[in-house]
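Following: one structure in structure tokens, then a few remarks.
2 protein chains.
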Amino acid sequence: MATIHDVARLAGVSSVTVSRVINRAGNVKPATQTRVEQAIEALGYVPSGVAQSMRSKRTRTLALIVPDIQNVFWTTVARGVEDATQSRAYSVYLCNTDEDLAKQERYLDVLISQRVDGVIIAPCSAAAEPMVRLRDRAIPTVMIDRRVDGWEADNVSGDSLNGARSLVQHLIALGHRRIAMLAGPATTTTASDRVAGYRQALAEAGIAVDPRLIHFGEYKAQSGAQMLARIWEAPSPPTAVFAANNAIAMGVIAEAGRRGLRIPHDLALVCFDDLPDASSQLFPFLTVAAQPAYEIGARAAELLFDRLEGGDALPPRRVVLPTQLIIRASCGNQLAHSNGHGLSLPLTDTPELSQSGLPSNGRATIERIHP
Amino acid sequence: MATIHDVARLAGVSSVTVSRVINRAGNVKPATQTRVEQAIEALGYVPSGVAQSMRSKRTRTLALIVPDIQNVFWTTVARGVEDATQSRAYSVYLCNTDEDLAKQERYLDVLISQRVDGVIIAPCSAAAEPMVRLRDRAIPTVMIDRRVDGWEADNVSGDSLNGARSLVQHLIALGHRRIAMLAGPATTTTASDRVAGYRQALAEAGIAVDPRLIHFGEYKAQSGAQMLARIWEAPSPPTAVFAANNAIAMGVIAEAGRRGLRIPHDLALVCFDDLPDASSQLFPFLTVAAQPAYEIGARAAELLFDRLEGGDALPPRRVVLPTQLIIRASCGNQLAHSNGHGLSLPLTDTPELSQSGLPSNGRATIERIHP
DNA sequence: TGGCGACATCGTGAATGGTTGCCATGAGAA
DNA sequence: TTCTCATGGCAACCATTCACGATGTCGCCA
Numbered sequence: 002m003a004t005i006h007d008v009a010r011l012a013g014v015s016s017v018t019v020s021r022v023i024n025r026a027g028n029v030k031p032a033t034q035t036r037v038e039q040a041i042e043a044l045g046y047v048p049s050g051v052a053q054s055m056r057s058k059r060t061r062t063l064a065l066i067v068p069d070i071q072n073v074f075w076t077t078v079a080r081g082v083e084d085a086t087q088s089r090a091y092s093v094y095l096c097n098t099d100e101d102l103a104k105q106e107r108y109l110d111v112l113i114s115q116r117v118d119g120v121i122i123a124p125c126s127a128a129a130e131p132m133v134r135l136r137d138r139a140i141p142t143v144m145i146d147r148r149v150d151g152w153e154a155d156n157v158s159g160d161s162l163n164g165a166r167s168l169v170q171h172l173i174a175l176g177h178r179r180i181a182m183l184a185g186p187a188t189t190t191t192a193s194d195r196v197a198g199y200r201q202a203l204a205e206a207g208i209a210v211d212p213r214l215i216h217f218g219e220y221k222a223q224s225g226a227q228m229l230a231r232i233w234e235a236p237s238p239p240t241a242v243f244a245a246n247n248a249i250a251m252g253v254i255a256e257a258g259r260r261g262l263r264i265p266h267d268l269a270l271v272c273f274d275d276l277p278d279a280s281s282q283l284f285p286f287l288t289v290a291a292q293p294a295y296e297i298g299a300r301a302a303e304l305l306f307d308r309l310e311g312g313d314a315l316p317p318r319r320v321v322l323p324t325q326l327i328i329r330a331s332c333g334n335q336l337a338h339s340n341g342h343g344l345s346l347p348l349t350d351t352p353e354l355s356q357s358g359l360p361s362n363g364r365a366t367i368e369r370i371h372p
Numbered sequence: 002m003a004t005i006h007d008v009a010r011l012a013g014v015s016s017v018t019v020s021r022v023i024n025r026a027g028n029v030k031p032a033t034q035t036r037v038e039q040a041i042e043a044l045g046y047v048p049s050g051v052a053q054s055m056r057s058k059r060t061r062t063l064a065l066i067v068p069d070i071q072n073v074f075w076t077t078v079a080r081g082v083e084d085a086t087q088s089r090a091y092s093v094y095l096c097n098t099d100e101d102l103a104k105q106e107r108y109l110d111v112l113i114s115q116r117v118d119g120v121i122i123a124p125c126s127a128a129a130e131p132m133v134r135l136r137d138r139a140i141p142t143v144m145i146d147r148r149v150d151g152w153e154a155d156n157v158s159g160d161s162l163n164g165a166r167s168l169v170q171h172l173i174a175l176g177h178r179r180i181a182m183l184a185g186p187a188t189t190t191t192a193s194d195r196v197a198g199y200r201q202a203l204a205e206a207g208i209a210v211d212p213r214l215i216h217f218g219e220y221k222a223q224s225g226a227q228m229l230a231r232i233w234e235a236p237s238p239p240t241a242v243f244a245a246n247n248a249i250a251m252g253v254i255a256e257a258g259r260r261g262l263r264i265p266h267d268l269a270l271v272c273f274d275d276l277p278d279a280s281s282q283l284f285p286f287l288t289v290a291a292q293p294a295y296e297i298g299a300r301a302a303e304l305l306f307d308r309l310e311g312g313d314a315l316p317p318r319r320v321v322l323p324t325q326l327i328i329r330a331s332c333g334n335q336l337a338h339s340n341g342h343g344l345s346l347p348l349t350d351t352p353e354l355s356q357s358g359l360p361s362n363g364r365a366t367i368e369r370i371h372p
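Protein chains in written order, with our numbering: chain H, 2 to 372; chain Z, 2 to 372.
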């Protein structure tokens, strides 16, 4: 691949002059400039970012570290980061941790070696130790979705506490009293925040918290299924379940199906994070607290660029974005057990897929027909 | 950040010796080795990948360029690439083109400047010109999902032709004769391949192709809606629609809803690419030709690594992976118009979400109730 | 015991591709 | 004649590695 010296030789100037032309540093005669530009064109020369990074100590490279690139929430975050990044000619390394601390550490090692300018990370764990690599090297870091104990860095997240609170309030308003909380890993702040919101809503309604109804698992469908099974095999099962994210909710739905439980008839269900557009459009079923995923990504990138440009002078900032309660069908209209009869609105005569988009009234009793 | 020289000074050796320790090159006295390792530890030294790239001319960096990181198909591909890549300590730049050629070019420029070792790309266009940057520089490239005219590079894709053919055969078997084809951009080979499969299925069934039923748009929901509108406003509308990808299908569903068309009663629908798990689990509605997205990504990465290791000696390889026809509810059981009465199976008495997972019989008449 | 060769150990200098501070040259103006 | 300014080159620098050379050690043989 052509180097700046090849260009210089062809144009009959020194490499310094070529550099000046490329960087529009001035002090180059128009005729010289033209000769250099022609040589660049002829050789198809593109300056080596590697060599530039070597001198400048900047790689124009960021990393986005998320637990699950296949979850809509994270792909939407990624899209937000991408858009904010693209216009500035930065490149983004995408790293997928699977909530696996070892994987996260491997990635951090590679990224530190690659000398990324900054990192946007949803840490697997709230423990500070895995993150000291970043902090000690003063690598500009924005945490998203989660916090880390003892490290006040820039942070962008959805309002887990109030989102959880409003979901549980919604269930309570429908008459539910025994509400299970199926949370993510106890090591994540999203888990503790959502449990806190859950507790707060119950407390505000004067309902005692039954610790046997609170389970910590993983943000995965399989874990959701396991937690539902465990809860269902214990005495006095709940009438409603709050799943701490969409994957857990999918596991709950699968396990409920295997157990012949009907949602919402036998069990109401709400969760954090919306489903893919395709889901909510085709079949607006799950009542959710939707986080502004795109904005979380975009804002995180903005904070990071601020820091890259403004230096470390700024104090750490924390952005908490509101969630949106989207009421759909997975809770029915009211608690089936409490009014003595099953739900709900009469079926219309011709059941067909005929309207799409988010349900206008939010409470349409759209349910799945048992095959 | 500590350099190799800092380590050398602290350990009282030269930088070459440190390098030897790091790279386990041997010829280092055990005592020296220990001193060096202690110095590395004390300084928290991590070798600069930038400097290593400078010398070695390898960056241990790949790029994945896709049209839409928010579409499940592409995130699943990305996951496949990620998994194959992760174990080899390579990093992946994720680039999102939005099917925008200008954006793709900007990315290619940045990536060439960053000196990526290889590229996995779903090219926006089948034209060779945008890709010459890659070919001329002999950057190892694997194309996925699409081909480029006049450049025989490594290629991994789903079997668009036969996938399309089987979808249309399915519609024909249900009695459909007027089937619309809503394709992607005419500049993509997936569009032409899927149209070819469509034509072939019709020809095999002795059905004349009506060119007014074939439309080329974009792989976006909005485009799907527009194409359906155009087709529906023309004389003699179709009884079935073949959407060339999941996004187009979502647009068709939205537009059908706005026009009061019921699917499958008034219009059967099939499409290429599956929907997110959350969709197909919650509401197994759309009949699709599913591509093995994960495998496409994983295989593409394998081919790329082969080339990075084996050199350019290998001839270009082309991998075409079979698609899977997943029959769900969006075509009904047979053409409503052809047997004189609307569908279909009687409703069960209690419509509830009660079973999940892909429909076991595939033909469950699961439909959405009109609110 | 001295000399020589083989090998282990480790350093010097150059090279990678680009940018920057400083200086040299020459032309034109005052 | 002196000063200024446009132009452009030299050398150093960034972090690492490679080729090569310089020691030192040890064994073997005369």
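Even glycine gets a Cβ: it sits at the ideal position worked out from N, Cα and C. Small disclaimer: the values here were computed from a predicted structure and weren't measured.
Close CB contacts of H:A139 within its chain, under the 8 Å cut and outside five residues either way in sequence, are with D313 (chain order). DSSP, read as helix, strand or coil, puts H:G159 in strand. Per DSSP, reduced to three states, the secondary structure at H:T76 is helical. The beta carbon of Z:S57 sits no closer than 8 Å to any beta carbon of chain H. Between the stretch 248-263 of chain H and the stretch 302-311 of chain H there are fewer than three C-beta pairs closer than 8 Å, too few to call the two in contact. Closer than 9 Å at the C-beta level to chain Z, one finds these residues of the stretch 92-106 of chain H: S92, V93, Y94, L95, C96, N97 and K104.
Under DSSP, Z:T142 forms a beta bridge with Z:V120. For H:A154 and H:R136, the gap between their C-alpha atoms comes out near 9 Å.
H:F306 sits in a helix when the DSSP states are folded into three classes. Interface flag for Z:T288 against chain H is unset, since no Cβ pair is found closer than 8 Å. Distance between H:V51 and H:L95, taken at the CA atoms: about 19 Å. With a threshold of 8 Å between beta carbons, Z:N246 makes no contact with chain H. Look at the stretch 122-153 of chain Z: the residues with a C-beta under 7 Å from a C-beta of chain H are D137 and R138. About 5 Å separates the Cβ atoms of H:V271 and H:F243, confirming a contact at the 8 Å cut-off. CA-to-CA, the gap between Z:G225 and Z:A250 works out to about 6 Å. With 16 or more other Cβ atoms from the protein chains shown falling within 10 Å of its own Cβ, H:H171 counts as buried. Beta-bridge annotation (DSSP): Z:H216 is paired with Z:L183.
Beta-carbon to beta-carbon, Z:L268 and Z:A241 are separated by about 7 Å, close enough to satisfy the 8 Å threshold. Across the stretch 197-220 of chain H, no CB contact with chain Z closer than 8 Å is found for any residue. Taking H:H6 as the centre and dropping the five residues before and after it, the same chain places the C-beta of S16 closer than 6 Å to its C-beta, in chain order. Taking 8 Å as the cut-off, the beta carbon of Z:G185 is found closer than this to the beta carbon of Z:E219. Going by DSSP, H:L95 is part of no alpha helix (DSSP H) but of the beta strand (DSSP E) stretching over S92 to N97. Under DSSP, the beta-bridge partners assigned to Z:Q325 are Z:A291. Those residues of the stretch 33-54 of chain Z placed with their C-beta closer than 9 Å to a C-beta in chain H are G45, V47, P48, S49, G50, V51, A52, Q53 and S54, ordered along the chain. In the three-state scheme derived from DSSP, where H, G and I count as helix and E and B as strand, H:R319 is classed as strand. Inter-residue distance for Z:D160 and Z:Q325 is about 10 Å (C-alpha atoms, whole angstroms). Two segments are said to touch when three or more pairs of C-beta atoms, one from each, lie closer than 8 Å; by this definition the stretch 50-69 of chain Z touches the stretch 103-117 of chain Z. If you draw a straight line from the Cα of Z:M182 to the Cα of H:P316, it comes to about 56 Å.
An exposed status is given to H:P31, since fewer than 16 other beta-carbon atoms sit within 10 Å of its beta-carbon.
For Z:M228, there are no neighbours in chain H by C-beta distance under 9 Å, as the nearest C-beta there is about 16 Å away. Put simply, the CB of H:I254 is near chain Z, with a gap under 8 Å to one of its CB atoms.
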